[in-house]
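Start counting at 1 in the sequence shown, then tack on 5, and there's your number in our numbering.
Using N, Cα and C, we set each Cβ at its ideal position, and we do this for glycine too.
Remember, it's a predicted structure, so these values are computed and weren't measured experimentally.
Report on one structure; see the data block that follows.
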Amino acid sequence: MPSEDDVVDTADVFGLLGDPRRLKLLVALLDGELCVCDLAAVTGMTESATSHALRLLRAHRVVSVRRDGRMAYYRLDDAHVRMLVDLAVAHTEHTDAIHPEHHTETAR
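Quick look at the structure:
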């Protein structure tokens with residue numbers, strides 16, 4: 006078993022991936038690095054919301070940044086993050102999720 010701290014840190018990463026807006030950013034970054042304005046355009050988020058999400062993802066080492074003058078380009082931090090996002094997307098693309106919370110109870 007991993008240490009308790011490692012379990013908590015891993016749960017935090019899954020929590021970050023569990024937000025649809027942050028996940029959209031990560032999926033957009035699968036194709037390579039992008040600046041905040043391009044990420045906002047691709048995901049339909051405001052630049053402010055995009056920046057806020059990226060700060061959070063960066064603090065948890067899910068994304069990293071490269072600065073070029075005044076521009077900042079974000080990318081997935083490493084191959085492990087890419088693998089997590091790739092596997093999660095592939096899993097949902099080939100399975101039909103059952104959402105019991107969305108189904109109404111059948112008449113008795």
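Three-state class that DSSP yields for residue i in the structure shown
i, result
"MET50", "coil"
"ASP73", "strand"
"ASP36", "helix"
"ILE103", "coil"
Opening and closing residue of the beta strand (DSSP E) in which residue i lies
i, result
"LEU81", "76 to 81"
Of the residues the options, the one placed nearest residue i, counting alpha carbons only
i, options, result
"LEU81", "GLY23, ARG27 and LEU35", "LEU35"
"LEU22", "ALA93, ASP101 and THR100", "ALA93"
"ALA77", "ASP14, GLU52 and HIS99", "GLU52"
"VAL47", "ILE103, ALA33 and ALA95", "ALA33"
"GLY74", "ALA54, SER8, CYS40 and ASP101", "CYS40"
Endpoints, the alpha helix (DSSP H) within which residue i is located
i, result
"LEU119", "Residue 119 is absent from the structure shown; the chain starts at 6 and stops at 113."
"MET88", "84 to 99"
"VAL67", "Neither: VAL67 is in no alpha helix (DSSP H) and is coded neither H nor E."
"GLU9", "9 to 22"
query = Is it a yes or a no for the segment 45 to 60 touching the segment 23 to 34, going by three-plus beta-carbon pairs under 8 Å?
reply = Touching, per the Cβ criterion.
message = Whether or not the segment 62 to 72 and the segment 11 to 26 are in contact is what I'm after, with contact meaning three or more pairs of Cβ atoms, one per stretch, closer than 8 Å; do they touch?
response = Yes, since at least three Cβ pairs between the segment 11 to 26 and the segment 62 to 72 fall closer than 8 Å, the two stretches touch.
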